[in-house]
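Be aware that the sequence shown starts at 150, since it is given in the numbering used here, and climbs by one per residue.
The beta-carbon is built from N, C-alpha and C at its ideal position, and this holds for glycine as well.
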Amino acid sequence: GAFLEATGISDFFIACANRIAGWASGGPAKVAVISSALCGMVSGSSVGNTVTTGSVTIPMMKKTGYPGEFAGAVEAAASTGGQIMPPIMGAAAFLMAEMIGVEYKDVVLRAILPAFLYFSGIFLMVHFRAKRMGLKGVAWEELPKVRTLLPRIYLLAPLAVLVWMIISGKTMARSAIISTGLCILVALVPYLLRGVAKTTSGSVSKACREVADECHAMDVKTFFDALANGAQNCLSIAVACGIAGIIAGVVTMTGLGQVFISAIVGVAGNHLIIALLLTMVTCIILGMGVPTTANYVIMATTCAPILTTGMGMDVMAANMFVFYFGIVADITPPVALAAYAGSAIAKAPPMRTALNATRLAIAAFLVPYIFALNPAMLFIDTVWYEVVLIVLSSFIGMIAISVALEGYLLRHVNPLGRILCAMGGLALLVPGTLTDLAGLIVLVIVAAIQVIENRRDKAAKAA
């Protein structure tokens, strides 16, 4: 991660996100969502990513017209979501594969749909807020050019090699070492391009010089800075994981874990939903201020057994459930470190930023319950056409919930319409034909009413 960041991949991700979504309504906020998802999965730190990408994206959002607390919240929510974004998941994907005893590719596959819904929720709410406020995007001439982005795609090579090697069955250590070595080679490409530019002329020389100027070259100082950053990251994670191991050992050796399981299962009885609620609260409390990797270790050893041993839940679904709620502690008041970091950059009230971030990340509080109650969302015990239906219904459900929270679809939505959209969205998120049809009908009715009202307003203006 440290060496990958030294190659300048964060700037590349931000530039790509600008090209993809910068032109749209409220474009800078959408850029923040996309770039933070990409950068966050590599950095492995919600707070670190909020500070790094937020220093670029938050001022852009404020300049567009978003309030400071909303701009900081968008960056914090998206950066936190980077920890659940496949294929890296802030290094948790590798830990989860080891602890559950499954292949790495199984973890990545299961995490795809929940992560898609999480970021869809944030993206949609950002879009509806921009429409409601009448915000515009970045002018086309100010966006990065495709011809300058494509030559820099080689920066993705270390990440692609890392994922390919692990999926191929190579050890984590070997995959990491080779990928790190490739990062160094990638960071030396600008020197090679400058050399080619000097020895050639015409369009070839100009193209090589342009690409070299856009890329980060690794000099001796950058190399040692990357080594230092890597060591510092490892130390903080190692200490946190060490303490997590002590906690896990105490819980296991003293029998506290079994007492904990018995207590929650006793309160919940045979009702899984109550056990899930109590486990969620426990995860959020234990996850406050803890780095991603250590966060997952704590959740897997203390909270996951409540659901697997106590309630008989699928192991993968249980681990995903506790990991999600451990991670959202970074944006959940009162200890919302990522939101506080975003508020500092945005110069906005910390608690209001945290509340906005929690609201934007509503999918993180809904989706885990869906796959806990029906693991089909994690592609467990299902067939391909069921997966397609789940993807479509869940995405439409997130649209409905975003409309309910932001109060805008094709125009402003009245309170009754927002309530109906919330109910319809929840129905669509619950896997099942009847609930999907009911939710879809509600959303179609609300949309149809808005179309009629828009036409009536146009007719009145024409008259």
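Proximity of residue i and residue j at Cβ, strictly below 8 Å
i, j, result
"residue 480", "residue 507", "yes"
"residue 346", "residue 354", "yes"
"residue 386", "residue 451", "no"
"residue 324", "residue 342", "no"
"residue 271", "residue 338", "no"
"residue 304", "residue 156", "yes"
"residue 574", "residue 549", "yes"
"residue 484", "residue 478", "yes"
"residue 495", "residue 250", "no"
"residue 171", "residue 286", "yes"
"residue 279", "residue 178", "yes"
"residue 456", "residue 462", "yes"
"residue 487", "residue 202", "no"
"residue 555", "residue 281", "yes"
"residue 206", "residue 181", "yes"
"residue 519", "residue 454", "no"
"residue 437", "residue 263", "no"
"residue 509", "residue 545", "no"
"residue 443", "residue 389", "yes"
"residue 446", "residue 497", "no"
"residue 189", "residue 230", "yes"
"residue 577", "residue 566", "no"
"residue 166", "residue 183", "yes"
"residue 154", "residue 192", "yes"
"residue 572", "residue 269", "no"
"residue 491", "residue 288", "no"
"residue 267", "residue 316", "no"
Exposed unless 16 or more other CB atoms sit within 10 angstroms - verdict on residue i
i, result
"residue 564", "exposed"
"residue 239", "buried"
"residue 611", "exposed"
"residue 301", "buried"
"residue 383", "exposed"
"residue 569", "buried"
"residue 431", "buried"
"residue 605", "exposed"
"residue 290", "exposed"
"residue 535", "exposed"
"residue 530", "exposed"
"residue 352", "exposed"
"residue 428", "buried"
"residue 558", "buried"
"residue 326", "exposed"
"residue 512", "buried"
"residue 273", "buried"
"residue 532", "exposed"
"residue 350", "exposed"
"residue 435", "buried"
Alpha carbon of residue i to alpha carbon of residue j, nearest angstrom
i, j, result
"residue 466", "residue 399", "25 Å"
"residue 241", "residue 423", "27 Å"
"residue 370", "residue 376", "10 Å"
"residue 357", "residue 299", "13 Å"
"residue 552", "residue 318", "44 Å"
"residue 503", "residue 348", "54 Å"
"residue 232", "residue 255", "17 Å"
"residue 236", "residue 372", "26 Å"
"residue 378", "residue 309", "22 Å"
"residue 414", "residue 403", "19 Å"
"residue 335", "residue 321", "21 Å"
"residue 560", "residue 525", "35 Å"
"residue 527", "residue 368", "44 Å"
"residue 505", "residue 514", "14 Å"
"residue 95", "residue 151", "With the chain covering 150 to 612 only, the question about residue 95 has no answer from this structure."
"residue 537", "residue 482", "35 Å"
"residue 609", "residue 473", "49 Å"
"residue 405", "residue 439", "21 Å"
"residue 426", "residue 215", "33 Å"
"residue 260", "residue 522", "16 Å"
"residue 284", "residue 416", "49 Å"
"residue 543", "residue 258", "17 Å"
"residue 112", "residue 328", "Outside the shown range of the chain, which is 150 to 612, sits residue 112, and nothing can be said about it."
"residue 464", "residue 380", "33 Å"
Residues sharing a beta bridge with residue i, DSSP
i, result
"residue 557", "561"
Write down every uninterrupted run of the alpha helix (DSSP H) in the stretch 225 to 288 whose length is 4 residues or greater and which is fully enclosed by it, in chain order. 241 to 249 and 253 to 282
Tell me the start and end of each unbroken alpha helix (DSSP H) in the stretch 393 to 433 that is at least 4 residues and wholly inside, in chain order. 405 to 417
Unbroken alpha helix (DSSP H) runs of length 4 or more, entirely within the stretch 173 to 200: which are they? 176 to 192
Which whole runs of the beta strand (DSSP E) in the stretch 487 to 566 are 3 residues long or more, in chain order? none
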